[in-house]
Structures are given as structure tokens and as C-alpha cells.
DNA sequence: CATAGTTTCATACGTCTGTTTGAAATGCAA
DNA sequence: TTGCATTTCAAACAGACGTATGAAACTATG
């Protein structure tokens, strides 16, 4: 009651299980067993399984977005209303990557839960997820401020690619580890963030002098 | 019998449904309804649901890998045993991207099925998927031949990022379309492949003159 | 045509799912 | 304590799932 122990035990257990095993493989009975509460407690406290998932998602979604925007805002204020493109991208992918791969177990569950949610499309989440676009628009705007001369479409692609690299890196660490025989160090989170940000930033800045057509042709001609 | 109509109808319907809606949401009853065959036909022809999925995956996996390797081989032979890095990356991501987003409906189902399979980790597939690493090793080797001076670890990351951008682009076309208000054209598949390949290639070549440390610091200092 | 082998079909089985129920337990105010 | 509201609990529910069964329909060989 005071802290509603049962309720939060369910949330914690559910988040961890969903993060570890995905939505499809986890049943309410798994969750209540992990939380050590009665089966009916879920429906009593949350109404339904879907509402439990939805609550988990909105909570974490708001937290992630807040963290990203704080980092962005701090950077832009420090730069007098404009931040370097690398810093903008870092604010975008940093929180999630640090969360997923950092040492904090609770944060890791939370971040990995969000990755699952962004991949496995479960009905209660799908409805809410549209808001994410509004959130990303703020980053697109910051990127535009960082690179005012850059074609808008390039910026959207850059943002898209940055998120793609971050998500795939979290989701499929196993394959990269195997492929590289462990040479790609996935424990050094900061180095990894640097790598992703620098690739995305390079894609947006390296050839700003060249024309778009020139870039295209140089690749096309290699076919 | 002659063509085993029932068997192939099941395969076709299953592939389309799994591609559209994912593994979790599709039941055998959905599949047999779409294929217009009897429920028991699945177990009669394939043994079990898992074996059906496995057959689907193995078939498509082999086909994709063959297509990629053909493209790589042709390019390397044309270049006297060595292909430009852009061409190697194109052979890696091209077949899947063209398959998923191209006009051919059957191919699109097949490619999108493979994307689902690479994301939603269902037991019958997980076991087989380890072979993919062996397949990717061949591309890592080709990349090494294209860029012999480049640090091995950078190449693995580059390969990883190229696949990441390709997969995310296929999986989440909706978000990018919304974010860009339709300005990012996802129908022009070739332009999209160019974009992904050029970003990945740029990440691997643009700063070959600079030291790795230099690149890192330039980004780190922007924090 | 008759017969053996293959394929289809309706139907049912057992299990697992999310949800509901009504009683028991608990906490707290008067 | 008594009384009332909240929370827990064991048990059961209806429905959906993958799978199994045995009879019917079909195909093709002798």
C-alpha cells in the first residue's frame, strides 16, 4: 500500500523478463512467478496484460525522451543555441546505448525492454508509439540548426541511420562478437557510442563540399 | 503430388503471413485459411509448425546467401580478385533490399520473412542461424582484400553497420516516412542502396589518412 | 474393375493462455 | 475490539493453440 510492493514487483519482473526473452515468450504466469505474487494480482493492479505492457512502455518512453532532450538542451545552451552535429547525435543514441550496455542492471532491463518494444510490434504499444515521431522531430530540428546548409532529406537519413546502428548494435551483439572473434569490444560503451556517432556524423559532413550527385556517381561507378 | 499443390500453398501463405504480421501473431489456422487447405495438412506435410518454419527459413537463407555470393564473386572476378569496398558492401545489402522493397511481390514476402526471422528469435530458427556468421566471414574477407591496410576491427564494425542500416530501413520504413513527411523516397530502391553503401563505405575510407585516434578525439572533444 | 497407397478432411484431444470469481487475509479507523 | 475497505489467494473459466486420429476421398498400378 504505502509503496505498493506487489505492483512494483510485477513491473520490475515483467520488464526484466520481456527484456530478456521478448514479448511472445513471456506469460503472466512467468511474471508472477518471478515477482513472487499471485496470478490474479496482475489483473487486479493493472486491469489486463496489455495495460501492464502499456504502462511499462509509457513510463520508460517518457524517461528516455526526457533524458535525450536534457542532453540535447544542455549541449545547445552551452553552444549558444546550436550544438555540433556529433553532439546532437550523441544525445540521441547515447542514453539508450549507455542504458542497455552499461553496468546498471535495472537501467539495462529498462533500455533493453524499450529496444524489444521498438522491434516486436505488440498491439498495446503500437498505438502509443506514434508519439515517438514527434520526439524525433526535435532532433531533426537540432540537426538542421547544426548543419543549416545540408539538404533536409540527408538529415533525416542520417538520423535514421544513427538510430539503426545503435539499435542493431544492442540487439545483435552476439553476432558481431562471434564474427569478430571477440575483437569488437562491446563492453566499452563510450567507445561504441563514439564509433556510431562518428560514422553518422561523417556521413553528414565529410562530403558536404562535394555535390550530392558527385557522391552518388562515385559509388555508382564502382558497380 | 505432381506439383504437390497443398504443400507449396502452405509455404507461400505462411511466408506471406509471417512477413506481414510476424511469428507471434500467426497461427496454423491463419495459414491454412489463407492457403485454403485443411488444418491437418501442415502436420501431414511438414511434421510440425516448427519444421514448417525451419524449412521456410533454410530455403530462403540459402537463396539469399547464394545471391549475395554470386554478386560478390562476379565483382571480384571482374576486378582481378579484388573488388572496391563499395561493391562488396553492395553485394551484401543489395539482394535483401531489392528483394524487400522491389516490385516483385513474391520476392518481397521472401525477403521480409527473412528480416522477421533475423529479428524475432523463434526457437526453430535460432539453431540454424549460427551458420550466418560463416557466411558473413566471407564478406569480411572480401572487405579485407578491398581495404588491406584498414584495421580488422573497423571492417567488422563497418559490416555490422551496413547490415544495421539495411535492416532498420526495411523494418521501419513507416517511421522514416512520417518523420520526413514523405520526403525520404523509399520507393527508389537503388538510390537507397547507394545511400547505405556510401555511408558505410565512407565510414571505412574517408578518414583512412587520419589516425584512428585522431578521428576519435575529434568526436570526443565535441562532447 | 479392384486394390493398395497417398492425401484430405472433420473432429477431438490435451495443454496453455489471459481473465474472473468469491472467499480468505490484511490493514486501518472508530 | 468491531467494522469496513483493500489486497491477496486458490481455484476455475472460456477460448485458442498445436497436434493426433480415423474415416473418407482420391490416385494410380495390376
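Protein chains in written order, with this note's numbering: chain A, 1 to 223; chain B, 224 to 446. Cβ atoms here follow ideal geometry from the backbone N, Cα and C, with glycine treated the same way. From a predicted model like this one, the values you see are computed outputs, not experimental measurements.
Item to complete: Would you grab the beta carbon distance between residue 185/B and residue 229/B for me? Rounded to a whole angstrom, and I think it's under 8 Å.
Response: Given a span of 224 to 446 for chain B in the structure shown, any question on residue 185/B remains unanswerable.
Worksheet item: What does residue 81/A reach in chain B if we use C-beta pairs closer than 9 Å?
Response: Here the premise fails: no neighbours, minimum Cβ distance about 16 Å.
Fill in: Where the stretch 238-266 of chain B meets chain A: residues whose CB sits under 8 Å from a CB there
245, 246 and 247
Practice prompt. Give the secondary structure of residue 324/B by DSSP, where H, G and I count as helix, E and B as strand, and everything else as coil.
Written response: helix
Discussion item. Could you compute how far the alpha carbon of residue 214/A sits from the alpha carbon of residue 69/A?
Written reply: Confidence is the limiting factor: at residue 214/A the pLDDT is only 39, short of 50, which leaves the residue's position unreliable and the question unanswerable from this model.
Worksheet item: Contact between the stretch 11-19 of chain A and the stretch 111-119 of chain A: three or more CB pairs below 8 Å?
Response: yes
Item to complete: Please report how far the alpha carbon of residue 404/B lies from the alpha carbon of residue 165/A, in whole angstroms.
Response: 22 Å
Worksheet entry | Beta-carbon gap between residue 375/B and residue 367/B smaller than 8 Å | yes
Discussion item. So the candidates are 205/A, 202/A, 195/A and 204/A; which of them puts its Cα closest to the Cα of residue 229/A?
Written reply: Absent from the model: residue 229/A. The displayed extent of chain A is 1 to 223, so no value can be given.
Worksheet item: What is the rounded straight-line gap between the Cα of residue 26/A and the Cα of residue 390/B?
Response: 25 Å
Item to complete: Tell me, please, whether the CB atom of residue 119/A is closer than 8 Å to any CB atom in chain B?
Response: yes
Discussion item. Assuming residue 279/B and residue 234/B are in contact, meaning their beta carbons sit under 8 Å apart, how far apart are those beta carbons, in whole angstroms?
Written reply: 6 Å
Fill in: residue 359/B at chain A interface by Cβ criterion, 8 Å
yes
Worksheet item: When the Cα of residue 184/A is compared with those of 410/B, 400/B and 378/B, which residue comes out closest?
Response: 378/B
Discussion item. Rounding to the nearest angstrom, what Cα-Cα distance links residue 172/A and residue 149/A in this structure?
Written reply: 35 Å
Worksheet entry | Length of the line joining the Cα atoms of residue 40/A and residue 61/A | 27 Å
Discussion item. Just to confirm my understanding: we take residue 359/B, look at its own chain, exclude 5 residues before and 5 after, and list those with CB closer than 7 Å. What are they?
Written reply: 382
Discussion item. Taking the alpha helix (DSSP H) that residue 307/B belongs to, which residues open and close that run?
Written reply: Looking at the DSSP string, residue 307/B is not in any alpha helix (DSSP H), and its letter there is neither H nor E.
Item to complete: Would you please verify whether the beta carbon of residue 161/A is less than 8 Å from any beta carbon of chain B?
Response: yes
Worksheet item: How would you call residue 86/A, buried or exposed, if buried means at least 16 neighbouring beta carbons within 10 angstroms?
Response: buried
Worksheet item: Is it true that the CB of residue 416/B sits closer than 8 Å to the CB of residue 325/B?
Response: no
Discussion item. So that I know if they touch, is there some Cβ in chain A lying closer than 8 Å to that of residue 398/B?
Written reply: yes
Worksheet item: Which residues of chain A have a Cβ atom closer than 8 Å to the Cβ of residue 402/B, listed in chain order?
Response: 133, 136, 137, 140, 156, 159 and 160
Discussion item. Just to confirm my understanding: we take residue 426/B, look at its own chain, exclude 5 residues before and 5 after, and list those with CB closer than 7 Å. What are they?
Written reply: 381 and 384
Fill in: Contact set between residue 375/B and chain A, taken where Cβ atoms lie within less than 7 Å
183
Worksheet item: Applying the criterion that 16 or more other CB atoms from any shown protein chain within 10 Å of the CB defines a buried residue, is residue 54/A buried or exposed?
Response: buried
Worksheet item: From residue 421/B to residue 412/B, what does the alpha carbon distance come to, in whole angstroms?
Response: 14 Å
Worksheet item: Which residues, in order along the stretch 83-116 of chain A, keep a beta-carbon less than 8 Å from a beta-carbon of chain B?
Response: 84, 86, 87 and 90
Worksheet item: For residue 146/A and chain B, any beta-carbon pair shorter than 8 Å?
Response: no
Worksheet item: Would you report the Cα separation of residue 255/B and residue 269/B, rounded to the nearest angstrom?
Response: 13 Å
Worksheet item: Exposed or buried, what is residue 300/B when buried is set at 16 or more other beta-carbons lying within 10 Å of its beta-carbon?
Response: exposed
Worksheet item: Taking the alpha-carbon positions, what's the residue 176/A to residue 169/A distance?
Response: 8 Å
Worksheet entry | Near-chain B residues of the stretch 48-81 of chain A (beta-carbon distance less than 9 Å), N- to C-terminal order | 75
Worksheet item: Is it buried or exposed for residue 307/B, if we count other Cβ within 10 angstroms and need 16 for buried?
Response: buried
Worksheet item: Hey, would you say residue 243/B sits closer than 8 Å to residue 346/B, going by beta carbons?
Response: no
Fill in: Residue from 9/A, 200/A, 129/A and 4/A with nearest C-alpha to residue 402/B
129/A
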